[in-house]
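Novice:
Protein chains: 2
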Amino acid sequence: MSAKIRAVNIDAYRSNKLLMNPMGQPRQNHLADFKVGVDNVIFSVDTHLHRLLVLLVKREDQPYQNYWSFPGTLVRMGETLEGAAHRILSEKIAVKNLYLEQLYTFGNPGRDPREAPDQYGVRYLSVSYFALIRYEDAQLMSKNLSQVSWHNVAAIPTLAFDHNQILDYGYQRLRNKLEYSPIAFEVLPELFTLNDLFQLYTTVLGEDFADYSNFRSRLLKLGFLKDTGQKISKGVGRPASLFRFDARAFAPLRDKPLVFV
Amino acid sequence: MSAKIRAVNIDAYRSNKLLMNPMGQPRQNHLADFKVGVDNVIFSVDTHLHRLLVLLVKREDQPYQNYWSFPGTLVRMGETLEGAAHRILSEKIAVKNLYLEQLYTFGNPGRDPREAPDQYGVRYLSVSYFALIRYEDAQLMSKNLSQVSWHNVAAIPTLAFDHNQILDYGYQRLRNKLEYSPIAFEVLPELFTLNDLFQLYTTVLGEDFADYSNFRSRLLKLGFLKDTGQKISKGVGRPASLFRFDARAFAPLRDKPLVFV
DNA sequence: GCAAAAGTGTTAGCCCTACACCCATGT
DNA sequence: ACATGGGTGTAGGGCTAACACTTTTGC
Numbered sequence: 022m023s024a025k026i027r028a029v030n031i032d033a034y035r036s037n038k039l040l041m042n043p044m045g046q047p048r049q050n051h052l053a054d055f056k057v058g059v060d061n062v063i064f065s066v067d068t069h070l071h072r073l074l075v076l077l078v079k080r081e082d083q084p085y086q087n088y089w090s091f092p093g094t095l096v097r098m099g100e101t102l103e104g105a106a107h108r109i110l111s112e113k114i115a116v117k118n119l120y121l122e123q124l125y126t127f128g129n130p131g132r133d134p135r136e137a138p139d140q141y142g143v144r145y146l147s148v149s150y151f152a153l154i155r156y157e158d159a160q161l162m163s164k165n166l167s168q169v170s171w172h173n174v175a176a177i178p179t180l181a182f183d184h185n186q187i188l189d190y191g192y193q194r195l196r197n198k199l200e201y202s203p204i205a206f207e208v209l210p211e212l213f214t215l216n217d218l219f220q221l222y223t224t225v226l227g228e229d230f231a232d233y234s235n236f237r238s239r240l241l242k243l244g245f246l247k248d249t250g251q252k253i254s255k256g257v258g259r260p261a262s263l264f265r266f267d268a269r270a271f272a273p274l275r276d277k278p279l280v281f282v
Numbered sequence: 022m023s024a025k026i027r028a029v030n031i032d033a034y035r036s037n038k039l040l041m042n043p044m045g046q047p048r049q050n051h052l053a054d055f056k057v058g059v060d061n062v063i064f065s066v067d068t069h070l071h072r073l074l075v076l077l078v079k080r081e082d083q084p085y086q087n088y089w090s091f092p093g094t095l096v097r098m099g100e101t102l103e104g105a106a107h108r109i110l111s112e113k114i115a116v117k118n119l120y121l122e123q124l125y126t127f128g129n130p131g132r133d134p135r136e137a138p139d140q141y142g143v144r145y146l147s148v149s150y151f152a153l154i155r156y157e158d159a160q161l162m163s164k165n166l167s168q169v170s171w172h173n174v175a176a177i178p179t180l181a182f183d184h185n186q187i188l189d190y191g192y193q194r195l196r197n198k199l200e201y202s203p204i205a206f207e208v209l210p211e212l213f214t215l216n217d218l219f220q221l222y223t224t225v226l227g228e229d230f231a232d233y234s235n236f237r238s239r240l241l242k243l244g245f246l247k248d249t250g251q252k253i254s255k256g257v258g259r260p261a262s263l264f265r266f267d268a269r270a271f272a273p274l275r276d277k278p279l280v281f282v
C-alpha cells in the first residue's frame, strides 16, 4: 500500500506534475495538467433490419483491456480537437459522407484509472463527438473485425471508462436532433423510400411516435423531398418511389422548430 | 524575437512539454499537454429596462490586459470542471439560485497567446459554461466595480481570446432553451407578472415573436403558472397579477417539444 | 384472387392567429 | 374623464390524429 503510493509520487515527481511544499504536502491551488482525448459516438441505422447501431472498438491495452469502447484517441501536438476525431474515425472506418458535431466534455477527476489514485497526477479529459454515417457506405477498417464492430444500441454491454454515460448523452442528442434537424438524410442512402425514412424514425424514437400516413403527408407538404420517379421493389407488394433530400429546398426551414415528428 | 522563442523553449523544456528528436525537430505524434480552463457565460435579464445582460470581467493581467472577458479560471488539481465554474462564479458574484450547464469546448491550437508561437508548448483548452441568474438577487463581488459588470448583449465590445465566439454559442443556446425549457423562471424573480415573462421573451427573442394575448392564454392553459392572487401596480394602469412557476405541474411537460413560443 | 406493401383521402377536433373588446387604476 | 397597462373573447384558417380506402405488385 505504501509502496504503491510511493510509486505514484515518484512518477508524479518525475513528470513534474506534483509539487510538494516543505511539509511534504501537495501544494494547494496548483493547476491540474491534462491530457485531452476525443471519443466518437458514431451512429448508423440499418434500415432493413430496423436496428440503431453504434460503432465500438475493443480495447487492446490497459486500462479496460478487452472492454468495448468508443473509438477515441489522445490529442497530439498541433492537432485540433475535430482533427483528432477525424483521425481516429478514419482509422476505424472508411466512409464517404459524415456528420460530426461536438457532444459533451467529460473531465472530472477520477474518470480515467490512469490518473494517480490520489488524483494529483495528470488528468484525462474527454471531448466527445457525435457522428452519423451511412451504413451502406461504411467500410470497417480492421483486418481483425472482432476488434471493430457495430452494436445494437438496444443491447450495449458495460463499456470502458465512462463510455456508457457518453452513450446516454449521444443517444439523447440523436433523438433531439431527429426532431428538428435533417440529420436523418446523413444516415439514409442517397435515394430512399418514405418507408425507409419512417422506419428510421420509428427505430430511433420508438414504435408509436406517429402514424405513417400522416408522417408522409406532412413531410411531402414541406417540399424538400423530391420524388425521383424511380421505383424500387422489396419483394412482394407495390414498389415504392425513391426520394432524394433537397438541401436547397430545406434551407428556408433551417432553425424553424419541429419540422419533423 | 529569438530571445522570446528561446524563452518559450526553455520553459517548455523545463516542464517537460516539448520533446526534441536528435535532429532538433519536435517529435511527431507526441501528445499535447493541456491546461484546462472554464469560462462562464452568465446571462441575466433586467426586466424593467428590457435589457439582456451578460457578466464580464476586465482582465488585470496579460494576455489581453484590460480587455473584457468572461469570468474564467484554470482547473486546479482534484477539482471538477463544474467545481471550477462555481468557484470563479462565486468570486465575482453572489447569487441565491443559479442555472448552470456546459456550453461548448474550445481547444484548437492557437486560441490562447500563452501557447508557444510554434504551437508545440502547453495548450489551453476552455470548457465554457452557460449560466442564468436573477438580476435582482445578484450582488457583484468587487470592491472595484469597474472590473466586474453587466453588459448589454446588444453592445458587446471585442473580448479577450475567442470569447466573442463563445458568446455567440451562449446567446444561441439561450434562445433555443427559452423555446422548450422553463429556464425563464431561473431569471425572473420568484413572483412575476405575465407581462414580465412576455417582456423577457421579447427581449431575448426579438420584438415580433408572438402576440401578448395569445402568449398569455397558451401559457395559462398549460397550467404550470399559478396565480398567487397578489397584485402589483406599476404606476398607472390596472394592477397585474403575480404568478409563480410550479415546477411540479411542469414536470409532465419535460422533454415535450415547444411548450413556449 | 389474395395478401402485402405503398400511397391517397376524409373528417372531427384542436390549436394558432389576429384582432376587437372589456377591466382596473392613477391623475 | 381619459390615458395606460392588464386581461378576456372570438371567428377563421390551418394543422393533426385517427382511420378508411385505393393502387400496385408477387405468388
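So the sequences go chain by chain: A and B.
Position in the first sequence (from 1) plus 21 gives the number in my numbering.
Position in the second sequence (from 1) plus 21 gives the number in my numbering.
Positions of the beta carbon are idealized from the N, C-alpha and C atoms, including for glycine.
Only a predicted model underlies this, so the values are computations on that prediction, with no experimental measurement involved.
(1) Rank B:Ser170, B:Ile154, B:Gly244 and B:Ile109 by C-alpha distance to the C-alpha of leucine 195 (chain B) and give the top, closest one.
(2) Could you work out which residue in B:Phe64, B:Asn61, B:His69 and B:Phe55 is closest to glycine 256 (chain B) when comparing CA atoms only?
(3) Is there contact here, the segment 160–171 of chain A with the segment 203–220 of chain A, by at least three beta-carbon pairs under 8 Å?
(4) Is any beta-carbon of chain B found at less than 8 Å from that of glycine 128 (chain A)?
(5) For chain A, find out if any of its Cβ atoms is closer than 8 Å to the Cβ of lysine 277 (chain B); answer yes or no.
(6) Does glycine 104 (chain A) come out as helix, strand or coil in the three-state DSSP assignment?
(7) Pick helix, strand or coil for aspartate 60 (chain A), following the three-state DSSP scheme.
(8) Closest Cβ-Cβ distance between threonine 101 (chain B) and chain A: below 8 Å?
(9) Please check the pair valine 225 (chain A) and leucine 73 (chain A), which I expect to be a contact at CB under 8 Å, by giving their CB distance rounded to whole angstroms.
(10) Which class does alanine 28 (chain B) belong to by DSSP, given the choice of helix, strand or coil?
(11) If we count Cβ pairs, one from each stretch, closer than 8 Å, do we get three or more for the segment 228–243 of chain B versus the segment 166–184 of chain B?
(12) For the alpha helix (DSSP H) that contains alanine 205 (chain A), what are its first and last residues?
(13) Roughly how many whole angstroms lie between the Cα atoms of phenylalanine 64 (chain A) and lysine 56 (chain A)?
(14) Under 8 Å, with one C-beta from each stretch per pair, do the segment 263–274 of chain B and the segment 253–271 of chain A reach the 3-pair mark?
(15) Here's the rule I'm using: 16 or more other beta-carbon atoms within 10 Å means buried, otherwise exposed. How should asparagine 87 (chain A) be labelled?
(16) Closer than 8 Å by beta-carbon distance: list the chain B residues that pair up with glutamine 160 (chain A), in chain order.
(17) Should glycine 128 (chain B) and leucine 102 (chain B) be called a contact, given that it needs their Cβ atoms to be closer than 8 Å?
(18) Is the segment 84–100 of chain B close to the segment 106–117 of chain A, with three or more CB pairs under 8 Å?
(19) Leaving aside the five residues before and after glutamine 220 (chain B) along the sequence, list all residues of the same chain whose C-beta is less than 7 Å from its C-beta, in chain order.
(20) What separation, rounded to the nearest whole angstrom, lies between the Cα atoms of aspartate 217 (chain A) and glycine 93 (chain A)?
(21) Between the segment 53–82 of chain B and chain A, which residues of the former have a C-beta closer than 9 Å to a C-beta of the latter?
(22) Exposed or buried, what is lysine 198 (chain B) when buried is set at 16 or more other beta-carbons lying within 10 Å of its beta-carbon?
(23) Bridge partners for serine 65 (chain A) per DSSP, in chain order?
(24) In chain order, what residues of the same chain lie with their CB nearer than 7 Å to the CB of serine 90 (chain A), ignoring the 5 residues before and after it?
(25) Over what stretch of residues does the beta strand (DSSP E) that includes asparagine 173 (chain A) continue unbroken?
(26) Return the CA-CA distance between valine 75 (chain B) and lysine 277 (chain B), expressed in angstroms with no decimal places.
(27) Out of curiosity, what's the CA-to-CA distance linking lysine 242 (chain A) and phenylalanine 213 (chain B)?
(28) Within the continuous alpha helix (DSSP H) that includes isoleucine 187 (chain A), where are the two ends?
(29) Could you tell me how far apart the beta carbons of histidine 51 (chain B) and methionine 98 (chain A) are, in whole angstroms, since I believe they sit closer than 8 Å?
(30) Nearest-angstrom Cα distance between isoleucine 109 (chain B) and serine 170 (chain A)?
(31) In the DSSP assignment, what are the bridge partners of lysine 247 (chain B)?
(32) Could you please give me the residues that DSSP links to isoleucine 114 (chain B) through a beta bridge?
(33) Who are the Cβ neighbours of valine 280 (chain A) in its own chain at under 7 Å, not counting the five residues just before and after it?
(34) Output needed in chain order: residues of the segment 93–119 of chain A with a Cβ under 9 Å from some Cβ in chain B.
(35) Comparing C-alpha positions only, which one of B:Gly142, B:Tyr120, B:Val66 and B:Val59 sits nearest to arginine 104 (chain B)?
Specialist: In terms of the structure at hand:
(1) Residue mapping note: residue 195 (chain B) aligns to position 174 of the second sequence, counting from 1. For leucine 195 (chain B), the nearest C-alpha among the options comes from B:Ile154.
(2) Your numbering for residue 256 (chain B) matches position 235 in the second sequence. With distances taken between CA atoms, glycine 256 (chain B) lies nearest to B:His69 out of B:Phe64, B:Asn61, B:His69 and B:Phe55.
(3) Segments in contact, no.
(4) Residue mapping note: residue 128 (chain A) aligns to position 107 of the first sequence, counting from 1. Glycine 128 (chain A) counts as touching chain B.
(5) By one-based count along the second sequence, residue 277 (chain B) stands at place 256. Output row for lysine 277 (chain B): interface = no.
(6) Taking the first sequence and counting its residues from 1, the one referred to as residue 104 (chain A) is at position 83. Per DSSP, reduced to three states, the secondary structure at glycine 104 (chain A) is helical.
(7) Here residue 60 (chain A) refers to the residue found at position 39 of the first sequence. Strand, per DSSP.
(8) Position 80 of the second sequence, counted from the start, is the residue given in the question as residue 101 (chain B). Judged by the 8 Å Cβ criterion, threonine 101 (chain B) is in contact with chain A.
(9) As a working mapping, residue 225 (chain A) is identified with position 204 in the first sequence. As a working mapping, residue 73 (chain A) is identified with position 52 in the first sequence. That pair is a contact at about 6 Å.
(10) For the purposes of this step, residue 28 (chain B) is taken as residue 7 along the second sequence, with counting starting at 1. For alanine 28 (chain B), the predicted structure reports a pLDDT of 33, less than 50, and the residue's modelled location is therefore unreliable. The matter cannot be settled from this model.
(11) The segment 228–243 of chain B makes no contact with the segment 166–184 of chain B, as fewer than three CB pairs between them are under 8 Å.
(12) Along the first sequence, read from residue 1 onward, the residue named residue 205 (chain A) stands at position 184. Residues 205–208.
(13) As a position in the first sequence, residue 64 (chain A) is number 43, starting the count at 1. As a position in the first sequence, residue 56 (chain A) is number 35, starting the count at 1. Taking the straight line joining both Cα atoms gives about 26 Å.
(14) In the pairwise beta carbon analysis, the segment 263–274 of chain B is classified as not touching the segment 253–271 of chain A: fewer than three pairs are separated by under 8 Å.
(15) The residue given as residue 87 (chain A) occupies position 66 in the first sequence. The Cβ neighbour count for asparagine 87 (chain A), taken over all protein chains shown within 10 Å, is under 16; the residue is labelled exposed.
(16) The sequence position of residue 160 (chain A) within the first sequence is 139, counting from 1. Neighbours of glutamine 160 (chain A) on chain B: none; closest Cβ ~25 Å, over 8 Å.
(17) Within the second sequence, residue 128 (chain B) is the residue found at index 107, counting from 1. Within the second sequence, residue 102 (chain B) is the residue found at index 81, counting from 1. No, the pair does not count as a contact, with Cβ atoms beyond the cut-off.
(18) These segments do not touch.
(19) Looking up residue 220 (chain B) in the second sequence gives position 199. Closer than 7 Å at the Cβ level, and outside the excluded window around glutamine 220 (chain B), lie Thr68 and His71.
(20) The residue labelled residue 217 (chain A) in the question sits at position 196 within the first sequence. The residue labelled residue 93 (chain A) in the question sits at position 72 within the first sequence. C-alpha of aspartate 217 (chain A) to C-alpha of glycine 93 (chain A): approximately 31 Å in a straight line.
(21) Shown in chain order are the members of the segment 53–82 of chain B whose Cβ falls below 9 Å from a Cβ of chain A: Ala53, Asp54, Phe55, Lys56 and Val57.
(22) For the purposes of this step, residue 198 (chain B) is identified with residue 177 of the second sequence, where counting begins at 1. It counts as buried.
(23) Position 44 of the first sequence, counted from the first residue, corresponds to residue 65 (chain A). Bridge partners of serine 65 (chain A): A:Leu74.
(24) Taking the first sequence and counting its residues from 1, one reaches residue 90 (chain A) at position 69. Excluding five sequence positions before and after serine 90 (chain A), the CB atoms of its chain that fall closer than 7 Å to its own CB belong to Leu77, Val78, Arg80, Leu180, Ala181, Phe182 and His184, given in chain order.
(25) For the purposes of this step, residue 173 (chain A) is taken as the residue at position 152 of the first sequence. Note, asparagine 173 (chain A): beta strand (DSSP E), 169–173.
(26) As a first step, residue 75 (chain B) must be located in the second sequence, where it is residue number 54. As a first step, residue 277 (chain B) must be located in the second sequence, where it is residue number 256. Roughly 28 Å separates the two Cα atoms.
(27) Residue mapping note: residue 242 (chain A) aligns to position 221 of the first sequence, counting from 1. Residue mapping note: residue 213 (chain B) aligns to position 192 of the second sequence, counting from 1. Cα to Cα, the separation comes out at about 41 Å.
(28) Taking the first sequence and counting its residues from 1, one reaches residue 187 (chain A) at position 166. In the DSSP annotation of this structure, the continuous segment of the alpha helix (DSSP H) that includes isoleucine 187 (chain A) starts and ends at 184–201.
(29) Position 30 of the second sequence, counted from the first residue, corresponds to residue 51 (chain B). Position 77 of the first sequence, counted from the first residue, corresponds to residue 98 (chain A). Between methionine 98 (chain A) and histidine 51 (chain B) the Cβ distance is about 5 Å, and since that is below 8 Å, they are a contact.
(30) Looking up residue 109 (chain B) in the second sequence gives position 88. Looking up residue 170 (chain A) in the first sequence gives position 149. Going by the C-alpha atoms only, they are around 43 Å apart.
(31) The residue given as residue 247 (chain B) occupies position 226 in the second sequence. Partner(s): B:Arg265.
(32) Along the second sequence, one-based indexing puts residue 114 (chain B) at 93. Bridge partners of isoleucine 114 (chain B): B:Leu161.
(33) Start at 1 with the first residue of the first sequence, and residue 280 (chain A) comes out as number 259. Contacts found: Tyr201, Leu243 and Leu274.
(34) Hits within the stretch, in order: Leu95, Val96, Arg97, Met98, Gly99, Glu100, Thr101, Leu102, Glu103 and Gly104.
(35) Taking the second sequence and counting its residues from 1, the one referred to as residue 104 (chain B) is at position 83. It should be pointed out that residue 104 (chain B) corresponds to glycine in this sequence rather than to arginine. Minimum Cα distance to glycine 104 (chain B) is reached at B:Val59.
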